[in-house]
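The opening residue of the sequence shown carries number 1 in the UniProt record's numbering; numbering runs sequentially from there.
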Amino acid sequence: MTTATKRKRISSGLVVAQKVFVRSRNGNALKVVREHYLREDIPCNSKGCEICANLYVAGPTGEIPHPVLSSDPLNIKSEKIGKHYLVIDTNIVLNAIDILENDKVFYDVIIPQTVLNEVRNQSYPIYMRLRTLTKNEDKRFVVFHNEFKASTYLDRKTGETINDYNDRLIRETAKFYNLHLSPTGIKTLLITGDKANKLLAAKDNIMAFTVHEYINLLPNSEELKDILPSTESFDKSINEIKYPEYYTSARLMGGIKNGSLYQGNISVSSYNFLEGTVSIPSMPKPLLILGRENLNRAFNGDQVVVELLPKNKWKKPSTEIIDEEIVNKDGVGDDDDKELIISDKERKLLTQEAIKAQGAESEEERIVPTGRVVGIIKRSWRLYVGQLSPSSVRKDEVVSNAPKNVFVILMDRSLPKIRIRTRRAKELIGKRIVVAIDSWESNSKFPSGHFVRTLGEIEDKDAEQEALLLEHDVEYRPFSKNVLACLPKEGHDWKVPENLDISDPQLKKRRDLRDRLICSIDPPGCVDIDDALHAKRLPNGNYEVGVHIADVTHFVKAGTPLDQEGASRGTSVYLVDKRIDMLPMLLGTDLCSLKPYVDRFAFSVLWEMDEEANIINVEFTKSIIKSREAFAYEQAQLRIDDESQQDELTKGMRILLKLSKRLKQKRLDAGALNLASPEVKVHTDSETSDPNEVEIKKLLDTNSLVEEFMLCANISVARKIYEAFPQVAMLRRHAEPPATNFEQLNDVLRIKKGLSISTESSKSLADSLDRCVDPKDPYFNTLIRIMATRCMMAAEYFAAGNFSYSEFRHYGLAVDIYTHFTSPIRRYCDVVAHRQLAAAIDYEPLHEIHMDKNKMDLVVKNINKRHRNAQFAGRASIEYYVGQVMKNNQSDQEGYVIKVFSNGIVILVPKYGVESLIKLEVMGDVNSAVFDEDNYSLSFVDKSGSKRSVSVFDKVDVSIESILDDFTGKRRVQLYLK
């Protein structure tokens, strides 16, 4: 229970509300009193208000804020509304963020602090979108701190629910604005998604509307109705299916607590949209979820609650490729198992059997524990891209403004169609469109959503590129004026001061390293140069080795709009033909970039190393450097190899190369993994950006040179910041993979090649991978490393206080502690690590936002997601451009079979770094197929009438074409067996 007992005024003019919390510990009541400071000098932010004119005071930067809300807002004459501002509640933000972002409606909007806090707690992505709206000067959205203004703060009533209390605070904000602005003639409307809140607002003489009612009042309402949330638009008589109802919140929480239910993120198979898995810590393998009803409306990535099915319902993972297109045609793959009720005691016993069953290998024991989704903790819903299903709109249909239910087929085949209601169905056929999901009712086979906007024609380059970014949730909009205002006012004319002996105490702390022969080594054409290196022999025979990293935090100060934008984006995203920057280009490619021949601020790690690359000591310092040269990898390699080059810079590079080889050997000896991924480079026309060639990336010794010293710097920094900040140090870990992750790969290796992979330790894994060779095929070892990489756990960022030291270990690198420090231009983790290191060496104090463990948890959660999305976006970009290269060309290449299903195979083509599914109907006679699950092979009669058999690891000749997928409208690479 919580109540506010009394208020008192203190000498500064602030009012203090005492909040009393009563908690129960061990059966005893504990009274906690907290003070909540209230004030009246919080301005309303209206340009038309003269009362608040003197309340705008200078902030920390000296700048005086100005009112945002227009003095001449929208005037609606119907309903006697007139000029007005809008106050929105939490439901509107969560369910109608798309229309709030629309540039044709919703201007002069007041967001109560209560709403902002509720949105942040319920959906961080939507919270960030709302924050972006407050930075858009044209939209005029303002946050009003109603909980700190004495005249809008209310005490919580005894027994009042938190939702009712928050609604009352929001209504009080609307009441305040109506009274406060009455001299201006500007009214304030409450836009709410809660019927009870609307009725209570009417009792308080507040004009309140639902978002649908408000849109109907606008002159352009017809075109706006398509982008309204579907809650009030769909026919409630839809009765296509009967999904099991989700358990109540109390039952879900109770079940998780007593161990009868399990919580985790669901992953839906990319080859079978009716199969999912949920990783559960107590089980060695993920729990299998099979069938439409057992998946129970879960979307890929949702945080779900699952329960174990009875043992007689456990099944083997599917060996069949199933997509929605096939299921909708003939119903294949639907699982109609009825609801099964078992007791908590039985389920606990089943859990023990499940763990035993998942360690088994025989044919009978391939049956694995199977579960069903009984609740959704958190939806992963975002904006989705797709095309209107052509069958939704008949060509002979008369064009009408009447709304029509249609289906949108998403670009991701693992996701179901979305039902939307639109008046523009005919207009949208053949377009790439963006939709949002609003709900998924238990009587509907498909989720319901609404149209957001059109990207352009299918296959239009710009539309497809934007679709790619949206599909992977990449923030690509231009930086706002607030963000750009944080950049140095001198812009491109900014320079490092020549003389360090000036009044700036921070500058005096920097070490002048401009005499060192420093250079950078990067990919060709790199302009955002994060790192540079140097090495020289010391009088005692050892070496001074330096890694110098762009000092981004000199320009990006914690807590500023620029910093908040970097934290939100999390990482730069590299596509084939463009880069989506984490920070504005002025910093990334100019002021922070360690370009040659100019002075730059840096953060340097300096080691003394002996001949064997053993670290004698390490020093960290903010510095000033002057790079002598910016090399591409190949240029640096040629210079090192050219014996005629005997200048000191080249000698330093040779020292670096020698030491890097010893560092690498030490890592490998310790068990570091040398894994692989299919890496290709797409060459594009310099003028048109059209793709014209694909090649496999070549790795030189200089690639490894840079990598080794970056790894060494990251390890050294990780140790230092953990020592200084054991609870909040920004670190990166890579968990040891369960042995069960390698079961299938080991099984097929044993059957096909008589080989095996050991997973006892990273050292044994690395050694066994070295032994996986085929004397007749040099690529085989690379193929196994690619497949082994997919059995690994994903590396993740974390705050040190969340794990014990033994769990910090980076399995792939075989080190006990690690972080990312070396790329602050393109990764936000590195920005935080720079600030923590600066504080650790007493250069400057650490900002409070990086001392707060809860805030750090939010940061790492976001950057983990952004890092993962950036990787997927980069791969999707390569896949798109390979498709464009092949659009007018057919190519015959070698490929390797990496998966075999009962009705298709998956082939990896090294030349293009792509893998593609070939369905059985494309290869030959479906009825002739024989699938040998034990031997991972598929036999069939091919198109020529000949018998054929393919197995995992087979090398095959394929013909490659680029086709337009009729179902998704997405261009993809299609392979054909030759």
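Ideal placement from N, C-alpha and C gives every residue a C-beta, glycine not left out.
| Check | Outcome |
| --- | --- |
| Of the listed residues 440, 427 and 444, nearest to residue 453 (C-alpha basis) | 427 |
| The ligand ADP heavy atom lying under 7 angstroms from the CB of residue 638 | Ligands displayed in this structure: none; no statement on the ligand ADP is therefore possible. |
| Range of the contiguous beta strand (DSSP E) that encloses residue 297 | From DSSP, residue 297 is part of no beta strand (DSSP E); its letter is neither H nor E. |
| Cβ shell of residue 994 (< 8 angstroms), same chain only, five flanking positions each side left out | Any answer about residue 994 is impossible in this case: the structure gives the chain only from 1 up to 978. |
| Local Cβ density within 10 Å of residue 626, reported as buried at 16 or more and exposed below that | buried |
| Coil, strand or helix - residue 940 by DSSP | strand |
| Nearest residue (CA-CA) to residue 635, options 202, 558, 521 and 717 | 521 |
| Burial state of residue 966 (16 or more Cβ within 10 Å) | exposed |
| Own chain partners of residue 828 with C-beta closer than 6 angstroms, once the 5 adjacent residues on each side are dropped | 566, 567, 570 and 863 |
| Local Cβ density within 10 Å of residue 968, reported as buried at 16 or more and exposed below that | buried |
| Proximal residues to residue 629 (C-beta, below 8 angstroms), its chain only, five neighbours per side dropped | 519, 520, 596 and 649 |
| Whole-Å CB distance - residue 304 paired with residue 268, under 8 angstroms assumed | The Cβ separation is near 11 angstroms, so there is no contact. |
| Inter-residue spacing [alpha-carbon to alpha-carbon] between residue 142 and residue 126 | 16 angstroms |
| Integer Cβ distance of residue 825 from residue 583, believed to fall under 8 angstroms | 7 angstroms |
| Endpoints, beta strand (DSSP E) assigned at residue 973 | 971 to 977 |
| Check whether residue 756 and residue 749 have beta carbons under 8 angstroms apart | yes |
| Sufficient close CB pairs (3 or more, under 8 angstroms) joining the region 908 to 923 to the region 596 to 610 | no |
| Residues that DSSP places opposite residue 414 in a beta bridge | Residue 414 is not bridged to any residue. |
| Endpoints, beta strand (DSSP E) assigned at residue 651 | Premise fails: residue 651 lies in the alpha helix (DSSP H), 648 to 670, not in any beta strand (DSSP E). |
| Under 8 angstroms between C-beta atoms of residue 970 and residue 896 | no |
| Under the three-state DSSP convention, the category residue 712 falls into | helix |
| Simplified DSSP state of residue 953, which is helix, strand or coil | coil |
| Length of the line joining the Cα atoms of residue 505 and residue 512 | 14 angstroms |
| Residue closest to residue 186, alpha-carbon to alpha-carbon, out of 198, 197, 195 and 207 | 207 |
| Chain-order list of residues whose beta-carbon lies under 7 angstroms from that of residue 673 (same chain, five-residue window excluded) | 762, 765, 766 and 812 |
| Range covered by the alpha helix (DSSP H) that runs through residue 254 | 249 to 258 |
| Beta-ladder partner(s) of residue 109, from DSSP | 86 and 141 |
| The region 68 to 77 touching the region 113 to 121, judged by at least three CB pairs closer than 8 angstroms | no |
| Helix, strand or coil at residue 968 [DSSP, three-state] | coil |
| Continuous alpha helix (DSSP H) stretch holding residue 858: start and end | 853 to 885 |
| Opposing strand residues paired with residue 286 [DSSP bridges] | DSSP output for residue 286 lists no bridge partner at all. |
| Reduced DSSP category for residue 645 - H, G, I as helix; E, B as strand; rest coil | coil |
| Where the alpha helix (DSSP H) through residue 753 begins and ends | 743 to 753 |
| Residue from 246, 456, 620 and 447 with nearest C-alpha to residue 836 | 620 |
| DSSP state of residue 963 mapped onto helix, strand, coil | strand |
| N- and C-terminal bounds of the beta strand (DSSP E) containing residue 438 | 431 to 439 |
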